Amino acid sequence: MNPGALFTKDIAELSRRLINKLTKEIVAESGVILLINKDNDELSSACFGNKHCVDEEYTTELSKSAFNEWFNHPKAFHFALTPHSPIAVEFKNLQVFFNIDFQIKNVLVAPCFKESDKELIAFFCLFNKLGTSSFSMPDLEFVLNFIENCKFILCNALDWKCQEVIQRQSKALLEISKNLFSNLDDISTLLNKIMEEARNLTKAERCSLFLVDHDNFELVAKVFDGIKTETPEVRIPINQGIAGHVACTGEMLNIKDAYSHPLFYPDVDAMTGFKTKHILCFPIRSVKDKIIGVAELCNKINGNSFTKFDEERTNAFAIFVGLSLVQSLLYKKATDAQQRSKLANELMLHHMRAPAIEVDKYLNSPLPTKTSVHPKLDNFSFMPRIELAQHDSVQVVVAMFVDLDLIQKLKIHLSTLVRFILTVRRAYRDVPYHNWTHAWTVAHFAYLLLKTAHAKEYFSDLESFVLLISCLCHDIDHRGTSSSFQVSSHSVLASLYSSAGSILERHHFAQAMCIIQTDSTNIFETFSEEGYKRALDLMKVMIIATDIANHFKISSQINKLVKSGIDKADKKHCEMILSLCMTTADLSDQTKPWESTFGVSDLLYAEFFAQGDQEKSLGYTPIEMMDRDKASVPDLQYGFLNKIVLPIYELLANIFPESSCILLCIRENMNRWKELNTLRKEFSV
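Positions in the sequence shown are counted from 1; adding 2 to them yields my numbering.
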């Protein structure tokens, strides 16, 4: 006999070939190979005689089977089958499964072992010796010899089958994960999908899924598979029933006979008419191993109970379910938070929106001009905080746009511009320094750069317009505290933006976007799609540029541009110069004559010291600049002007020589602070 002629990797086809060969050789009517998987406590058959099912195998639980006695005492033997005996019932179940009908009278059984470790892997069963009443010892010896010669091809096919099972399971779990993770946006749909996949995976009739409400010590079922409920969800105490036991212990329960189990509640069957036979109940855990749910499968479709293989599959399945549930709940939480944020923004904008009567007041008044506001409005020495203290700041801002001829060139709707300015003004808080006055005076310095320093020659009309808009918006909703304070106090702003850096600046930009993306205040509404995108991108770059740390990151690149020459057509060159304009505009209070600069320092340090007081109340030690008990304002201001302000404006003057007059004023202010510091030291002595 040549065993290689029988070889195939298909276990069903191999079983058919082996049985056919044996039945011919020993003249038997039919036969079957019972395959054994001890790890899964499973006994299976892929073929009966010449017949095998394409889609599935016959499987039964070995420990509950009548064949288990053979497993415990494996040997070769033959016997006459007693009708209605447990073994006869098992064989009858096999015949029914494979749709084969003949009477089994006598049986020959021979075990097959792995050669490597003598592990029992199969029983070869032959039925009905033809031409005589029973099998003989020579028949038995032939079968054993046949098995010895062929077992290596059977082992090979079983190994191949094992690999196929693993591949199918991996593929199934991958497909399941795709199906689950594509339904994260709807928790109800996801729960239904989980139940569907669980049923398909284990061939169960029904599945129920409970989420664990740890706060109320309850299990919550939003959907019951196949059971209609009048309420949107069912809640049961977490310590009741089979699901409750699994939720509390975290241990899987595989119940072979539901009605004999003490935790089973039969009244549910009585109410629904469903007959529960077997139950496989398993926990669902989060990444942190916290039990977040319980799934309960009922009734194996083929009539057998759930196997150890089902347990293994559901354990793997539960990992994907846990991940998908956690992600879905987080997604819902994030979506809810986003909707709440949207509502909060709508409420904020509602209260910030300027009344129509206020808008009409400006629209019905003559268009303000530079001359009507102040003839020296475009001088670098002009002190807007002092000389326009009694003037309407909205008219001042509109006049700057008018004087640069940006409204007409960009076809800006005057009503939108006025409404935008009024809304931005309302978005600033009443803090000592970073308030609306600071915003429009920063915009005034940008206006000076564009007009008096001729920076407008470097920028397009759109870029010039966005520079002024960015100045107006750059400190929206400033709370009078620094980015570092947001981090140390664990504020909401820190949680939102700390990973990206420039916490306050990103918040100011986000608030500006809320205003711009509102129809009535969309200041970029007349721009093309490309222009609109460019405007938003520039706004982000420029507002974040007001974080002085970002200036130092690009200052060396700007220095290189000054030496090599600025290409006005290069967008990157343009963005760096606009960023420098924003930085210098933000610090422009330090460039004004002493009368203005000294007064601003009182506002600035009032804000700093207020933050220092908050830090002390929280148990932190503020830096010297924020500590009213330690700070020497003249000394701090001199150092700030000398190390930070002067180098920045020297860089500006290299690009725009018309701004060089600023340097004289800065140095004058440095001398005044130095004199004050000297007097302070003499007085303290």
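Note that the Cβ used here is the ideal one computed from N, Cα and C, for glycine as well. All values derive from a computational prediction rather than experimental measurement.
- Here the region 604-624 makes no contact with the region 654-664; the two share fewer than three CB pairs at distances below 8 Å.
- Contact fails between the region 425-444 and the region 561-580, because fewer than three Cβ pairs, one in each stretch, are under 8 Å apart.
- A Cβ-Cβ separation of about 6 Å places residue 308 in contact with residue 280 under the 8 Å criterion.
- With respect to the 8 Å criterion, residue 45 and residue 24 are not classified as neighbours on the basis of their beta carbons.
- The Cβ atoms of residue 682 and residue 596 lie no closer than 8 Å to each other.
- A distance of 8 Å or more separates the beta carbons of residue 608 and residue 473.
- With respect to residue 96, residue 69 sits apart: the two C-beta atoms are not nearer than 8 Å.
- Within the DSSP secondary-structure output, residue 80 pairs in a beta bridge with 110.
- In the three-state DSSP reduction, residue 377 falls in the coil class, being neither helix nor strand.
- Under the three-state reduction of DSSP, residue 433 is assigned to coil, being neither helix nor strand.
- The beta carbon of residue 411 sits closer than 7 Å to the beta carbons of 463 from its chain, once the five residues preceding and following it are set aside; these are given in chain order.
- A distance below 8 Å between beta-carbons, with the five flanking residues on each side excluded, links residue 158 to the following residues of its chain, in chain order: 9 and 11.
- For residue 282, the enclosing beta strand (DSSP E) covers residues 281-287.
- Spatial neighbours of residue 398 in its own chain (CB-CB distance under 7 Å, excluding positions within 5 residues in sequence) are listed in chain order as 375, 390 and 442.
- In the three-state DSSP reduction, residue 237 falls in the strand class (E or B).
- Closest option to residue 101, judged by alpha-carbon separation, among 142, 52, 124 and 112: 52.
- Taking C-beta atoms as the reference points, residue 31 and residue 79 fail to come closer than 8 Å.
- Taking the CA atoms as reference points, residue 154 sits about 13 Å from residue 13.
- For residue 44, the enclosing beta strand (DSSP E) covers residues 44-47.
- Where residue 21 is concerned, the enclosing alpha helix (DSSP H) starts and stops at 13-28.
- By the Cβ-count criterion, residue 120 is exposed, with fewer than 16 other Cβ atoms from all chains shown falling within 10 Å of its own Cβ.
- In the DSSP annotation of this structure, residue 524 is not part of any alpha helix (DSSP H), being labelled neither H nor E.
- Note: residue 124 is bridge-paired with 37 and 114 in the DSSP secondary-structure output.
- The continuous stretches of alpha helix (DSSP H) do not include residue 221, which lies in the beta strand (DSSP E) extending over residues 220-223.
- When only Cα atoms are considered, residue 74 and residue 163 end up about 25 Å apart.
- By the Cβ criterion, the region 362-382 is in contact with the region 411-430, since at least three pairs of Cβ atoms, one from each stretch, lie closer than 8 Å.
- Shown here for residue 354: same chain residues with a beta carbon closer than 6 Å to its own, the five before and five after excluded, namely 425, 428 and 429 in chain order.
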